[in-house]
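**Student:**
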Amino acid sequence: MRRARKVIVIGLDGFAPDIVEPMLQRGELPHLERLRRMGGYARLATTTPAQTPVAWSTFATGVNPGGHGIFDFLRRDPATYLPDLSLSRYEQERAWLPPRAVNLRRGTPLWEDLADAGIPATVLRCPATYPPDRLAGRLLSGMGVPDIRGGLGTATILSEDPAARARESEVLVRLERAGERLHGHLVGPRHPRTRVDVTAPLTLTVDRGAGIATVETHGEPARLSVRLGEWSDWLQLTFRAGRLARVRATMRFLLVRTEPHVELYASPANFDPRAPLYPISHPAHYAAELARALGRPYYTTGMVEDHAGLSNGRFSEEAYLAQCEEVMRERETMMQFELARLRDGFFFVLFDTPDRVQHMFWRFREPGHPANGEDRARVRELAHVIEEHYRRCDRAVGMAMAAMDDETLFLVLSDHGFASFQRGLNLNNWLHEQGLLVLRGGAAPRASTPDFLREVDWGRTRAYALGLGSIYLNVAGRERDGIVPVTEAPALGGRIAAALSGLHDSARGAVAVLGGRTRAELYRGTYADESPDVVVDFNAGYRVSWATALGGFGDATFEDNTRKWGGDHIVSPALVPGVFFSNHRFDPADLAMIDMAPSILDTLGAAPRPVHEGRARFAHHCSRAAER
Numbered sequence: 144m145r146r147a148r149k150v151i152v153i154g155l156d157g158f159a160p161d162i163v164e165p166m167l168q169r170g171e172l173p174h175l176e177r178l179r180r181m182g183g184y185a186r187l188a189t190t191t192p193a194q195t196p197v198a199w200s201t202f203a204t205g206v207n208p209g210g211h212g213i214f215d216f217l218r219r220d221p222a223t224y225l226p227d228l229s230l231s232r233y234e235q236e237r238a239w240l241p242p243r244a245v246n247l248r249r250g251t252p253l254w255e256d257l258a259d260a261g262i263p264a265t266v267l268r269c270p271a272t273y274p275p276d277r278l279a280g281r282l283l284s285g286m287g288v289p290d291i292r293g294g295l296g297t298a299t300i301l302s303e304d305p306a307a308r309a310r311e312s313e314v315l316v317r318l319e320r321a322g323e324r325l326h327g328h329l330v331g332p333r334h335p336r337t338r339v340d341v342t343a344p345l346t347l348t349v350d351r352g353a354g355i356a357t358v359e360t361h362g363e364p365a366r367l368s369v370r371l372g373e374w375s376d377w378l379q380l381t382f383r384a385g386r387l388a389r390v391r392a393t394m395r396f397l398l399v400r401t402e403p404h405v406e407l408y409a410s411p412a413n414f415d416p417r418a419p420l421y422p423i424s425h426p427a428h429y430a431a432e433l434a435r436a437l438g439r440p441y442y443t444t445g446m447v448e449d450h451a452g453l454s455n456g457r458f459s460e461e462a463y464l465a466q467c468e469e470v471m472r473e474r475e476t477m478m479q480f481e482l483a484r485l486r487d488g489f490f491f492v493l494f495d496t497p498d499r500v501q502h503m504f505w506r507f508r509e510p511g512h513p514a515n516g517e518d519r520a521r522v523r524e525l526a527h528v529i530e531e532h533y534r535r536c537d538r539a540v541g542m543a544m545a546a547m548d549d550e551t552l553f554l555v556l557s558d559h560g561f562a563s564f565q566r567g568l569n570l571n572n573w574l575h576e577q578g579l580l581v582l583r584g585g586a587a588p589r590a591s592t593p594d595f596l597r598e599v600d601w602g603r604t605r606a607y608a609l610g611l612g613s614i615y616l617n618v619a620g621r622e623r624d625g626i627v628p629v630t631e632a633p634a635l636g637g638r639i640a641a642a643l644s645g646l647h648d649s650a651r652g653a654v655a656v657l658g659g660r661t662r663a664e665l666y667r668g669t670y671a672d673e674s675p676d677v678v679v680d681f682n683a684g685y686r687v688s689w690a691t692a693l694g695g696f697g698d699a700t701f702e703d704n705t706r707k708w709g710g711d712h713i714v715s716p717a718l719v720p721g722v723f724f725s726n727h728r729f730d731p732a733d734l735a736m737i738d739m740a741p742s743i744l745d746t747l748g749a750a751p752r753p754v755h756e757g758r759a760r761f762a763h764h765c766s767r768a769a770e771r
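Written as structure tokens, this is what we have:
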């Protein structure tokens, strides 16, 4: 029986109970408090690991990661030991045919089940939806959409400083001066055949006194003004990779400095929503429809906020927050456009920005964080940015609640919470200490040891780490040079997990790792054998090191995290539950992300699938008068 005419779900990525609950008590989140009074509030158990694409894939499919195949942001190729993005890939069947994008999230999302039941759905920016799923309605892809270079986001730095160097996730372009004009180019996609960067010319004229630069290109507009320390309007530009191949992109600029050398930041090049290189929406024209509704282009990459630019010191925290506010307004406009025409069925929108704000500003909550340096006044100034953003998100929820009526189930939830990230564990160093990983020539690991496990002696290595807390065994017949017999792998995984339990950081006098868990303990389903062999459950304050993610090493087993990315959630999932608000009463016992798909399907009168591992949480008819 259909229990509601509409289900509206607002996702607030990374909203943390430890912040939400005190703010509710202080009356600082009035719209979420209203929802709590109408129906209820509970902490929401996340997935293992507590990562955005993993958790939202479980939200969509109602199965554990073994049933949908997303276990980490990164996956490894056992034939090469190299890392790759886990959400999508490109396949090219013939050299003369263009590649096609493939979504690596498997399982069946709830909106496909709704389509089979004849129930419409609108889905805005759910992770792991690129390329887009089919549904009876509309979908705009979220995390997983690359920039036009195929990565998560590569910025271009245009500088006339001869000492300038590219930093992480950047391409550096030298500006050449000719009188009052500076000449350079913008970096676009790689040529599909030669793999050489395709570029587009750019000319820059700078008024140092006014702090304004004029960018001239062959794009639209042909002349674009950029103010010092401020984001420009959108540039729409076509990169030409031959007579027939054209890639349309959009980007924004920020003038970093005019003295002593001019430096211009060009954001990662997004797919132009009017004509994306690959489909980013269903139906294909829906992305352009949203651009018309907004009256401008919008961010289409899966990782929207330019956190690498802030980490690299290319712009200030204020400029980053200005971009975050623009992203919030953009998403709100999309939400209001769709809610205004929602008559029945399912609506979902994800606000990713709270996650990005917390990653970059968590350190200011902790004066002693290694990333803060000596500027204590700056720490005090920015100490409450996260709470202010939570209030901003509460206002967005209030906008959406205007579409709620007495036949609406209205939910607000997050995929995980948040924790500090002060210390990193070099997992490959630890495996070396345990005698499980050996470098060529018996070398000791150092920070200078090349990434991508390039110096590993595979003939003597039994385990290796890659990704955000994943350990793989070098299994014979599975890995290219595997030596661990298949029959011995489960026991070896168990011994590694046990050895990790209670791992102590002597420099801090603290437990860094609460434990490790094996594949057999965590995952079941069709794709469980693609998972890591061991997943590490970190304590709050700790995370896998930056080097480990790409198969690298450090100078020591533990190291301080001095990057501006000072908060994270890839710790033991029990430490970072999400939040759940509803305008209708629900069963809160052991409420988990895996319950969402069957609950929503049941509420809208569509049968949950036998594979769904959670259960419907709204047992009573949802039609009721809204709060008086």
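Quick note: the sequence shown uses this note's numbering, first residue 144, plus one each step.
For every residue, glycine included, the Cβ atom is placed at its ideal position computed from N, Cα and C.
#1: Kindly identify the DSSP beta-bridge partner or partners of K707.
#2: Check whether the Cβ atoms of I300 and V316 lie closer than 9 angstroms to each other.
#3: Look at the alpha carbon of E550 and the alpha carbon of A740, and state the distance between them as a whole number of angstroms.
#4: What would DSSP say about P226, mapped onto helix, strand or coil?
#5: Using only the alpha-carbon positions, how far apart do E311 and E373 sit?
#6: What are the residues that DSSP puts in a beta bridge with A554?
#7: Starting from P316, follow its DSSP beta bridges and name the residues at the other end.
#8: Tell me, please, whether the region 193-205 touches the region 588-601 by the rule of three or more beta-carbon pairs shorter than 8 angstroms.
#9: Could you pull out every unbroken alpha helix (DSSP H) segment of at least 4 residues lying fully inside the region 581-650, listed in chain order?
#10: Over the uninterrupted beta strand (DSSP E) stretch that includes L357, give me the two end residues.
#11: By the DSSP assignment, the beta strand (DSSP E) with L574 in it spans what residues?
#12: Give me the residue from P588, G183 and D711 with the minimum Cα distance to H727.
#13: Closest to W689 by C-alpha separation, out of V522, T700 and A683, would be which residue?
#14: Figure out for me which residue from G721, V722, G668 and V677 has the closest Cα to the Cα of H755.
#15: Mark P270 as exposed unless 16 or more other C-beta atoms lie within 10 angstroms of its C-beta, in which case mark it buried.
#16: What residues match up with Q379 in a beta bridge as DSSP calls it?
#17: Take V470 and list the residues in its own chain whose beta-carbon comes closer than 8 angstroms to its own, dropping the five residues that flank it on each side.
#18: Pair every Cβ in the region 320-327 with every Cβ in the region 338-348, then say whether three or more of these pairs are closer than 8 angstroms.
#19: Answer with buried or exposed for Q235, where buried requires no fewer than 16 other C-beta atoms within 10 angstroms of its C-beta.
#20: Leaving out the 5 sequence neighbours to the left and right, which residues in its chain are closer than 6 angstroms to F553 when beta-carbon positions are compared?
#21: Taking 8 angstroms as the limit between beta carbons, can you name the residues of its chain near L482, skipping five residues before and five after?
#22: Can you name the residues that DSSP bridges to Y685?
#23: For a test of the three-state rule: what should DSSP assign to P289, helix, strand or coil?
#24: Are D215 and D558 close, meaning C-beta to C-beta below 9 angstroms?
#25: Bridge partners for D487 per DSSP, in chain order?
#26: Whose C-alpha, out of E319, R472, L380 and M736, is nearest the C-alpha of A365?
#27: What do you get for R219, buried or exposed, if any count of 16 or more other CB atoms within 10 angstroms of its CB means buried?
#28: Roughly how far, in whole angstroms, is the beta-carbon of V492 from the beta-carbon of R474, given that I think they are within contact range, below 8 angstroms?
#29: Rounded to whole angstroms, how far is the Cβ of I213 from the Cβ of Y533, which I believe are closer than 8 angstroms?
#30: Between P263 and the rest of its own chain, which residues show a CB-CB distance below 6 angstroms, the 5 nearest in sequence each way excluded?
#31: So what does P344 bridge to, in DSSP terms?
#32: What number of angstroms, rounded off, separates the C-alpha of G709 from the C-alpha of A260?
#33: Contact check, L826 vs D594 under 8 angstroms by CB: the rounded distance?
**Tutor:** Answer, in terms of the structure:
#1: As far as DSSP is concerned, K707 takes part in no beta bridge.
#2: The answer is yes: Cβ separation under 9 angstroms.
#3: C-alpha separation (whole angstroms): 19 angstroms.
#4: Three-state result, P226: strand.
#5: Cα-Cα distance, rounded: 22 angstroms.
#6: With the sequence shown as reference, residue 554 is identified as Leu, and Ala is not the correct amino acid for it. In DSSP, L554 forms a bridge with V152 and S725.
#7: The amino acid at residue 316 is misidentified as Pro; the sequence shows Val. Here V316 is bridged, per DSSP, to L301.
#8: By the criterion of at least three beta-carbon pairs nearer than 8 angstroms, the region 193-205 is not in contact with the region 588-601.
#9: With a minimum length of 4 residues, the continuous alpha helix (DSSP H) runs that stay inside the region 581-650 are 632-643.
#10: Note that residue 357 corresponds to Thr in the displayed sequence, not to Leu. Counting along the chain, the beta strand (DSSP E) containing T357 begins and ends at I355 to E359.
#11: Run containing L574: none in the beta strand (DSSP E); it sits in the alpha helix (DSSP H), L570 to E576.
#12: Between H727 and the set P588, G183 and D711, the nearest pair of CA atoms involves G183.
#13: Residue T700 holds the alpha-carbon nearest to the alpha-carbon of W689 among V522, T700 and A683.
#14: Of G721, V722, G668 and V677, the residue nearest in Cα terms is G668.
#15: Only buried fits P270, as 16 or more other CB atoms lie within 10 angstroms of its CB.
#16: Here Q379 is bridged, per DSSP, to E363 and T393.
#17: Closer than 8 angstroms at Cβ, skipping near neighbours: Y442, V447, E448, D495 and T496.
#18: Yes, they touch.
#19: So Q235 counts as exposed.
#20: The answer, listed in chain order, is I151, M547 and N726.
#21: Close CB contacts of L482 within its chain, under the 8 angstroms cut and outside five residues either way in sequence, are with I151, F490, A543, A545 and A546 (chain order).
#22: Paired residue(s): R566.
#23: The answer is coil: DSSP assigns P289 none of H, G, I, E or B.
#24: Result no, Cβ atoms of D215 and D558 do not sit closer than 9 angstroms.
#25: Bridge partners of D487: none, in fact.
#26: Of E319, R472, L380 and M736, the residue nearest in Cα terms is L380.
#27: The residue is buried, with at least 16 neighbouring Cβ atoms inside 10 Å.
#28: That belief holds up - the Cβ atoms of V492 and R474 are roughly 7 angstroms apart, short of 8 angstroms.
#29: Between Y533 and I213 the Cβ distance is about 27 angstroms, and since that is not below 8 angstroms, they are no contact.
#30: Shown here for P263: same chain residues with a beta carbon closer than 6 angstroms to its own, the five before and five after excluded, namely A279, G280 and G488 in chain order.
#31: According to DSSP, residue pairing for P344 in a beta bridge involves H328.
#32: The straight-line gap from Cα to Cα measures roughly 45 angstroms.
#33: There is no way to answer for residue 826, as the model of the chain reaches only from 144 to 771.
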